[in-house]
Amino acid sequence: MKSILLLFEFAFRNIWRNPKRSIVTLSAITVGICSAVVLSSIARGLSRGMAENAIKTLTGHIQIHAPNFLDDPTPDKSMNLLGANEISFLTQNGIKKIAARVRIPGMAMSERESYGLVLVGISPIEESGVSFISEAPIEGRMLTSESDPGIVVGQDLLRVLKTSVGKRIVVMAQSSEGKIADRGFKIVGAFSAELRSTEKSFAFIGRSVAQEMLLMNHNVSEFVLRIDNAEKVAPIVEKIQARFPEFEIKSWQELEPLVMALRKVQDGFLIIWFFIVVLAVSFGVINTQLMAIFERTRELGVLMALGVTQFQIVIIVCLESFLMLVIGVLLGNALGLCGVFYLRHGIDLTAFAAASEQLGFARIIFPHVFPRDWLICDLLLFVMGILGSFYPAYLASRLNPVEAISGRA
Amino acid sequence: MNIVECKDLSKIYEDQSQKVVALNSVSLSIVPGEFVSFVGPSGSGKTTLLNLIGALDSPTSGSIILDGVDLSTLSNREQSDLRLRSIGFVFQAYNLIPVLSARENVEFVMHLQGIRADERRTRAKEVLISVGLEGLFDRRPGELSGGQQQRVAVARAIVSKPKLVLADEPTANLDSTTAQNLIGLMRSLNEKFGITFIFSTHDPIVMGFARRVVKLRDGAIEEEVRA
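Heads up: the sequence lines are chains A and B, in that order.
Counting from 580, one number per residue, gives the positions in the first sequence under this note's numbering.
Counting from 339, one number per residue, gives the positions in the second sequence under this note's numbering.
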């Protein structure tokens with residue numbers, strides 16, 4: 580349409596004919612969008628925190644196992660360490676870090692108590708940048724090498740076993756020959772973790788020590804891989820699976836179904852929330868436009884008399900809504916960004932630690948801007964707002980010019 | 339060829355159960371370049387006749403041929419296009435667009451016609467100067483007097499060189515001096531550019547400017563007087 584620029588400018592000026600009303604409507608749009616995007620960022624931060632916790636704890640982004648290991652994690656379902664060619668393949672396909680581990684369920688016993696846990700044989704150097712253990716706060720010391728004879732347990736396990744750093748515990752697990760293997764370890768360190776369940780469930784020993792104890796030769800139970808972007812894991816998994824068809828390759832998304840389920844619930848919740856906000860805001864926009872139409876009936880009649888078509892009248896009214904939405908959405912997003920920036924140091928849920936622990940949430944939630952959510956919210960508002968403004972636009976376009984000019988419409 | 343040809347034109351408004359005959363079998367021809375005044379008391383049908391000629395309303399019966407085109411054959415869009423390109427309107431209450439300046443009001447119609455920006459601007463200024471509004475181009479309607487606003491309305495009506503300008507009681511809200519000045523301006527534009535003007539009035543001084551006066555009463559033509 581040749582005159583679209585004129586109609587655009589015309590619509591923009593019309594918005595400011597009644598500044599108070601426009602400001603109220605803009606405020607509604609701004610606050611609605613701002614609340615939607617800030618809350619979505621907090622929700623995304625929550626699930627992202629859960630995912631990061633899981634990934635950082637021991638899951639990593641990708642795991643490689645012998646077939647059926649995940650169903651029945653025994654030492655006989657093990658793999659040889661990766662060779663130079665295999666490591667080269669992995670690094671060429673986006674893998675940034677690799678940690679090989681022995682990982683077997685076992686039992687820890689102190690003089691007073693016993694507790695079931697997962698015994699993890701690690702190479703401390705490989706764990707750097709792969710799992711939390713390399714940087715976790717430790718009372719005592721961390722394992723120094725894969726042949727370190729000590730054991731590092733969680734603070735909560737110390738409490739459960741009623742023991743302390745420097746004392747000895749006995750760890751029992753099934754060996755690769757199917758027999759019970761046991762060994763006494765001196766507790767050289769006790770780590771703290773984000774979740775108590777982590778502190779209670781895992782005990783770390785040197786990988787060589789574990790292999791020796793469980794009669795695994797130089798085999799390992801799993802390879803844990805890290806990549807740059809956790810969300811882009813699927814194509815990498817496919818490539819690795821094609822290269823290692825004899826192994827089971829799992830992404831963190833498959834290994835952490837709870838996190839993924841929470842994400843799905845969250846997606847649904849956010850869409851419903853966006854819809855409610857957008858619906859409320861749209862009604863505000865429609866109401867404003869209806870008022871504007873009733874106030875400008877005479878002028879609309881004059882425009883028709885001058886040769887403005889019914890279609891152009893629809894365009895004028897919809898453009899006014901569109902411009903109001905653009906301004907409101909921009910302000911809402913900007914304010915939302917400010918809100919997220921204000922909360923950048925996180926929302927501390929330590930006071931609700933027990934509840935958040937139960938749900939697997941991190942103690943501090945860092946809001947995370949998830950552009951897709953913001954885009955969906957903005958688009959939804961545009962679609963609803965514009966669709967809604969078709970009603971006043973239609974009413975305006977159906978005015979009889981004679982009645983409108985004479986004020987009888 | 340006549341610019342306006344009305345045949346047996348009737349307009350009946352139905353208000354609830356009451357029928358009001360606004361026009362009753364009016365036939366009228368107007369040739370290009372005429373300066374015609376519709377006069378008569380309130381309710382005589384002046385405005386209704388102007389609205390029908392301007393394709394703003396449709397008759398209950400009868401036909402209107404405008405510059406050779408039967409208005410009843412046109413769609414809404416075609417009628418809008420006809421108004422845009424062939425007819426200029428001047429209203430009693432000026433009816434300028436308040437968010438646009440005097441120049442922008444005048445440019446508005448040309449903008450809709452797709453005329454280039456530089457040509458629009460030049461023509462708008464020329465026309466505003468011709469109606470005596472030099473120096474007031476950027477004032478919005480609220481910053482102009484009634485007479486000035488009506489001059490802007492006249493400028494808006496003639497700027498796209500329409501074949502016909504319809505003015506419904508253009509001087510009704512003006513004092514007598516301003517009214518005479520305005521109608522004198524319209525007359526000079528009629529003589530200068532050959533634009534056909536039809537205006538309604540019941541002001542005897544104003545109707546004195548008309549070369550042809552059509553007197554209406556009770557929706558019918560009572561008398562025609564040519565100067």
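Glycine included, every Cβ here is placed at the ideal spot set by N, Cα and C.
Could you compute how far the alpha carbon of residue i sits from the alpha carbon of residue j?
i, j, result
"residue 981 of chain A", "residue 386 of chain B", "9 Å"
"residue 894 of chain A", "residue 348 of chain B", "34 Å"
"residue 647 of chain A", "residue 834 of chain A", "14 Å"
"residue 875 of chain A", "residue 563 of chain B", "39 Å"
"residue 680 of chain A", "residue 786 of chain A", "7 Å"
"residue 628 of chain A", "residue 476 of chain B", "59 Å"
"residue 547 of chain B", "residue 539 of chain B", "11 Å"
"residue 410 of chain B", "residue 425 of chain B", "16 Å"
"residue 340 of chain B", "residue 368 of chain B", "6 Å"
"residue 455 of chain B", "residue 674 of chain A", "60 Å"
"residue 453 of chain B", "residue 529 of chain B", "25 Å"
"residue 383 of chain B", "residue 432 of chain B", "20 Å"
"residue 987 of chain A", "residue 977 of chain A", "14 Å"
"residue 526 of chain B", "residue 518 of chain B", "12 Å"
"residue 885 of chain A", "residue 439 of chain B", "17 Å"
"residue 664 of chain A", "residue 778 of chain A", "36 Å"
"residue 790 of chain A", "residue 804 of chain A", "20 Å"
"residue 609 of chain A", "residue 974 of chain A", "27 Å"
"residue 640 of chain A", "residue 898 of chain A", "47 Å"
"residue 493 of chain B", "residue 869 of chain A", "32 Å"
"residue 375 of chain B", "residue 469 of chain B", "20 Å"
"residue 950 of chain A", "residue 703 of chain A", "37 Å"
"residue 357 of chain B", "residue 606 of chain A", "49 Å"
Quick check on residue i: does DSSP put it in helix, strand or coil?
i, result
"residue 456 of chain B", "helix"
"residue 797 of chain A", "coil"
"residue 657 of chain A", "coil"
"residue 573 of chain B", "Nothing about residue 573 of chain B can be reported from this structure: the residues present for chain B run from 339 to 565 only."
"residue 835 of chain A", "coil"
"residue 372 of chain B", "coil"
"residue 781 of chain A", "strand"
"residue 973 of chain A", "helix"
"residue 509 of chain B", "coil"
"residue 429 of chain B", "coil"
"residue 356 of chain B", "strand"
"residue 678 of chain A", "strand"
"residue 339 of chain B", "coil"
"residue 684 of chain A", "strand"
Label residue i either buried or exposed according to how many other C-beta atoms from any shown protein chain fall within 10 Å of its C-beta, with 16 as the threshold for buried.
i, result
"residue 953 of chain A", "buried"
"residue 544 of chain B", "buried"
"residue 595 of chain A", "exposed"
"residue 796 of chain A", "exposed"
"residue 762 of chain A", "buried"
"residue 500 of chain B", "buried"
"residue 802 of chain A", "buried"
"residue 656 of chain A", "buried"
"residue 765 of chain A", "exposed"
"residue 613 of chain A", "buried"
"residue 843 of chain A", "exposed"
"residue 714 of chain A", "exposed"
"residue 565 of chain B", "exposed"
"residue 531 of chain B", "exposed"
"residue 495 of chain B", "buried"
Assuming residue i and residue j form a contact by the criterion Cβ under 8 Å, report the distance between their Cβ atoms to the nearest whole angstrom.
i, j, result
"residue 516 of chain B", "residue 473 of chain B", "At roughly 18 Å, the Cβ-Cβ gap does not stay under 8 Å, so residue 516 of chain B and residue 473 of chain B are not in contact."
"residue 767 of chain A", "residue 731 of chain A", "6 Å"
"residue 896 of chain A", "residue 814 of chain A", "Not quite, the Cβ-Cβ distance comes to about 47 Å (not below 8 Å), so this is no contact."
"residue 683 of chain A", "residue 705 of chain A", "In fact, because the Cβ distance is near 18 Å, the residues do not count as touching under 8 Å."
"residue 867 of chain A", "residue 600 of chain A", "6 Å"
"residue 417 of chain B", "residue 506 of chain B", "Their Cβ separation, rounded to whole angstroms, is 18 Å, which puts residue 417 of chain B and residue 506 of chain B out of contact at 8 Å."
"residue 736 of chain A", "residue 783 of chain A", "The Cβ separation is near 11 Å, so there is no contact."
List, in order along the chain, the chain B residues whose C-beta lies closer than 7 Å to that of residue i?
i, result
"residue 929 of chain A", "Correct list: empty, because the minimum Cβ distance to chain B is about 56 Å."
"residue 981 of chain A", "389, 394 and 395"
"residue 592 of chain A", "437"
Using the beta-carbon of each residue, which ones in chain A are nearer than 7 Å to residue i?
i, result
"residue 435 of chain B", "878"
"residue 415 of chain B", "888"
Would you mind telling me which residues of chain A sit closer than 9 Å to residue i, beta carbon to beta carbon, in chain order?
i, result
"residue 422 of chain B", "885, 886, 887 and 888"
"residue 419 of chain B", "886 and 888"
Residues of chain E with a CB under 7 Å from the CB of residue i: which are they?
i, result
"residue 475 of chain B", "Absent here is chain E; the protein component of the structure consists of chains A and B."
If you measure from the CB of residue i, is any heavy atom of the ligand FMN nearer than 7 Å?
i, result
"residue 637 of chain A", "For the structure depicted, the ligand FMN is absent and the ligand set is empty, with no information on it obtainable."
Whose Cβ in chain B lies nearer than 9 Å to the Cβ of residue i?
i, result
"residue 596 of chain A", "436 and 437"
"residue 881 of chain A", "427, 429, 433, 434 and 435"
Who are the neighbours of residue i on chain A, taking C-beta pairs under 8 Å?
i, result
"residue 446 of chain B", "585 and 885"
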